[in-house]
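Here is the structure we will look at.
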Amino acid sequence: MTLPSETLDAAVKAELAPSGTLRAGLIEAPAPGLIFVSRSADGTPAGVTADLAHDLAQRTELPLAVTLFPNSGAAAAALQAEAIDVSFMPVDATRRQVLDFGPGYYDLESTYLASAASGITDVAQVDRPGVRVLAIDGTTTFRASARTLMHTQPVAVPSVAEAVSRMRAGLADAFALSRDTLRPVVQQVPGSRIVTGGFQQTQVAVAVPKGRSGALATVTTWLDEAKRTGVVRRIFDAHGFSGDPVAP
Numbered sequence: 014m015t016l017p018s019e020t021l022d023a024a025v026k027a028e029l030a031p032s033g034t035l036r037a038g039l040i041e042a043p044a045p046g047l048i049f050v051s052r053s054a055d056g057t058p059a060g061v062t063a064d065l066a067h068d069l070a071q072r073t074e075l076p077l078a079v080t081l082f083p084n085s086g087a088a089a090a091a092l093q094a095e096a097i098d099v100s101f102m103p104v105d106a107t108r109r110q111v112l113d114f115g116p117g118y119y120d121l122e123s124t125y126l127a128s129a130a131s132g133i134t135d136v137a138q139v140d141r142p143g144v145r146v147l148a149i150d151g152t153t154t155f156r157a158s159a160r161t162l163m164h165t166q167p168v169a170v171p172s173v174a175e176a177v178s179r180m181r182a183g184l185a186d187a188f189a190l191s192r193d194t195l196r197p198v199v200q201q202v203p204g205s206r207i208v209t210g211g212f213q214q215t216q217v218a219v220a221v222p223k224g225r226s227g228a229l230a231t232v233t234t235w236l237d238e239a240k241r242t243g244v245v246r247r248i249f250d251a252h253g254f255s256g257d258p259v260a261p
């Protein structure tokens, strides 16, 4: 890898991790995905982004501290406030105004999970008066859903767990989320289905606080190399995402 720790000078290291510890913000959900982590039996975060954060810390020879957030909006706010140093989240124009993004590692499509009772099978059928739609507060998916729905609007919920609870209770007809993340959610909402079609395509990328040019250069070099050398591919495969391509 072309990021040997001995060449990472003290000033750049201090910019990447001002506290001396790499503070990574990860997003928690009931089931892990290509963005979300879950807690393993001993309580530690497990998932693709947990492994990516560990690899970055190892390559930069920094101790790692992980903070878990209920949604990517909360993680983005913490990153903007510089309460954390790095995170992994979907990119949109709103976030680019306040955060700096390095390379993407996954091409994301946002779509809907529909309840059995709704009868909804494709993305266009969600956009009808009276359809009760949920989306995670502060996320790119929430903003894209609100922007593309003309005849109804999403209701903000704080977490995947809350959305699943409302769907199971029959309090919502559709739940907006990335397609990969909805795959395990289907199993938690009996009779539900992921609809055909989508309403947002974007990348999931590594993010740092705005204005830290050295930190941005470091995470960019790291992730580009992790993709080139197959590290990201192996992490995907280890977590059961062998059918999902790594972003070029």
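Take 14 as the starting number for the sequence shown in this note's numbering and just add one per residue.
Backbone N, C-alpha and C fix where the C-beta goes; we use that ideal spot for every residue, glycine too.
Have a look at residue i and residue j and give me their C-alpha separation to the nearest angstrom.
| i | j | result |
| --- | --- | --- |
| residue 78 | residue 71 | 12 Å |
| residue 136 | residue 204 | 17 Å |
| residue 184 | residue 26 | 48 Å |
| residue 126 | residue 195 | 7 Å |
| residue 259 | residue 201 | 27 Å |
| residue 251 | residue 64 | 10 Å |
| residue 51 | residue 168 | 24 Å |
| residue 171 | residue 217 | 20 Å |
| residue 227 | residue 59 | 28 Å |
| residue 18 | residue 236 | For residue 18, the predicted structure reports a pLDDT of 46, less than 50, and the residue's modelled location is therefore unreliable. A value from the coordinates is still provided. For residue 18 and residue 236, the distance between alpha carbons rounds to 15 Å. |
| residue 110 | residue 244 | 30 Å |
Is it true that the CB of residue j sits closer than 9 Å to the CB of residue i?
| i | j | result |
| --- | --- | --- |
| residue 75 | residue 225 | no |
| residue 144 | residue 94 | no |
| residue 10 | residue 211 | This structure cannot settle anything about residue 10, because the visible part of the chain is limited to 14 through 261. |
| residue 42 | residue 118 | no |
| residue 21 | residue 69 | no |
| residue 83 | residue 174 | yes |
| residue 48 | residue 61 | yes |
| residue 209 | residue 105 | no |
| residue 157 | residue 100 | no |
| residue 206 | residue 134 | yes |
What are the residues that DSSP puts in a beta bridge with residue i?
| i | result |
| --- | --- |
| residue 102 | 218 |
| residue 135 | 209 |
| residue 58 | 52 |
What whole-angstrom Cβ distance do residue i and residue j have, given they're in contact under 8 Å?
| i | j | result |
| --- | --- | --- |
| residue 44 | residue 197 | 4 Å |
| residue 232 | residue 115 | 5 Å |
| residue 154 | residue 131 | Actually they do not touch by this definition, with Cβ atoms about 19 Å apart. |
Quick check on residue i: does DSSP put it in helix, strand or coil?
| i | result |
| --- | --- |
| residue 193 | helix |
| residue 255 | coil |
| residue 128 | coil |
| residue 52 | strand |
| residue 158 | helix |
| residue 234 | helix |
| residue 80 | strand |
| residue 187 | strand |
| residue 70 | helix |
Using a C-beta cutoff of 9 Å, does residue i count as contacting chain C?
| i | result |
| --- | --- |
| residue 138 | Looking at the structure shown, chain C is missing, and only one protein chain is on hand. |
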